[in-house]
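See below for the structure under consideration.
Residue numbers (the numbering used here): 57 to 532.
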């Protein structure tokens, strides 16, 4: 039986804990057989719609907490939901299988307060920001080139290598050190100076000292010269492929992109990633991001002239180049599906949008993930994410869609410490929780991003300062 594509619009990550190997493989096979898309943990920021966990897993498990903190719009469901879908050969309602964040009451913000966001614009903001997510070397426009750019470049190679190998812990250690070094106001000239910097461990200071003395890091060469490292790194550059999938392909004997194209079973995201692999390796300059936003804005405002757009993501965080384009469309209506349908129909018929990866409505915001291409013989295909949100949620939506993911998690964790709840929909106090889940809360007036920081009691962070911040760093 070939399957009936019941999971066609689903992008699913299975938490393997408490699920036996045979059962885990069975679920994976059935999802693929029925048109679904299996996602590695690293793909969850933009694409994931469902997280499947074994009902025997504690809700306090770090894996579940990770997804709850990352994005409350995704659906966290038990394996019984997956089994029922397979058994009935249809997408069954998730109600009785879902791990709810707000099981008893929807804590919607009031209609007042966020409608006139102070930074909303008719056209894309002239000073919006950009980055290529996988390259820490990318410098912000608001600062001069780092005084320690050589250190940053060398350490970034190691961080990227560990990330490709799936070693998240080591990758984060290097990424954290890079963030500290980029903010350091002087050129680091010795091991001793590096060791004196708050947040730099003795081991990391030793590596910094090695770079200062020799010009490179032995660990970098060891990782880059490793055959597995090279191939896994190549595979993880394919859109939709994380370290776990890349490592699995390597163990199956695949070594080239041609092997991936001809021998691997690819989900839709990976098919698109292979199809446009060369184009996706080319970073998007700022002017092109703005041109793409102008196109989306023009079509959106032809549907409703009151619409405002913002460029968010890494673009707004101050980077010179980016890997994709994130655009938030703010409208007055609560039902965003009508606007999204019209918007995509026009952009597709004009051949601006070439491929649709997903169009999803979740947690009152509608999002589209796809591929676009500006007119012109020399233009290339670009990844485009469009989010539609109501004006009244302008400020929290801007904080959320600007990111970074690490910053968002830190902000939400800090809100929890204060007895509050923060999401892309608003900031709430007087929160009542059932374990990790919000039962109810009182929406606070948040007319601007600054007001959210003020209510949380932390200093305001400009978008370009929201990279890799921990909860502790939020207070500095």
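We put the CB at the ideal spot given by N, CA and C, even for glycine.
Since the structure is predicted, the reported quantities are computational estimates derived from the model, not experimental observations.
Local conformation of residue i per DSSP, three classes
| i | result |
| --- | --- |
| residue 63 | coil |
| residue 256 | coil |
| residue 365 | strand |
| residue 470 | helix |
| residue 416 | strand |
| residue 327 | helix |
| residue 113 | coil |
| residue 154 | strand |
| residue 310 | coil |
| residue 210 | helix |
| residue 421 | strand |
| residue 222 | coil |
| residue 15 | The requested residue 15 is not part of the displayed model; the chain covers only 57 to 532. |
| residue 228 | helix |
| residue 299 | helix |
| residue 144 | helix |
Of the listed residues the options, nearest to residue i (C-alpha basis)
| i | options | result |
| --- | --- | --- |
| residue 393 | 405, 416 and 473 | 416 |
| residue 520 | 337, 513, 376 and 441 | 376 |
| residue 324 | 369, 308, 341 and 427 | 427 |
| residue 425 | 359, 466, 306 and 295 | 295 |
| residue 359 | 336, 386 and 339 | 386 |
| residue 235 | 111, 215, 436 and 91 | 215 |
| residue 245 | 228, 205, 213 and 226 | 205 |
| residue 49 | 90, 399, 398 and 310 | A query on residue 49 cannot be resolved here, the shown segment of the chain reaching from 57 to 532 and no further. |
| residue 464 | 447, 448 and 483 | 483 |
| residue 429 | 461, 351 and 313 | 351 |
| residue 340 | 444, 312, 307 and 379 | 379 |
| residue 288 | 106, 317, 454 and 222 | 222 |
Residues sharing a beta bridge with residue i, DSSP
| i | result |
| --- | --- |
| residue 427 | 411 and 439 |
| residue 488 | 496 |
| residue 378 | 340 |
| residue 446 | 387 |
| residue 479 | 482 |
| residue 584 | There is simply no residue 584 to check, as the chain begins at 57 and stops at 532 in what is shown. |
| residue 93 | 67 |
Residue burial classification, residue i (beta-carbon count within 10 angstroms, cutoff 16)
| i | result |
| --- | --- |
| residue 364 | buried |
| residue 540 | Since the displayed the chain opens at 57 and closes at 532, residue 540 lies outside it and no answer follows. |
| residue 452 | buried |
| residue 259 | exposed |
| residue 552 | The displayed coordinates of the chain run from 57 to 532. Any statement about residue 552 would go beyond what the structure contains. |
| residue 210 | buried |
| residue 525 | buried |
| residue 75 | buried |
| residue 366 | buried |
| residue 92 | buried |
| residue 61 | exposed |
| residue 332 | buried |
| residue 144 | exposed |
| residue 522 | buried |
* **Any 3 or more C-beta pairs closer than 8 Å across the stretch 64-74 and the stretch 267-285** => At 8 Å Cβ cutoff, the stretches do not touch.
* Asked: Can at least three beta-carbon pairs, one atom from the stretch 369-384 and one from the stretch 340-358, be found at a separation below 8 Å?
  -> Look at the beta carbons and you see the stretch 369-384 touching the stretch 340-358: at least three pairs across the two are nearer than 8 Å.
* contact_flag[the stretch 507-519, the stretch 463-477] where n(CB pairs < 8 Å) is 3 or more -> Counting C-beta pairs closer than 8 Å gives three or more between the stretch 507-519 and the stretch 463-477, which meets the contact rule.
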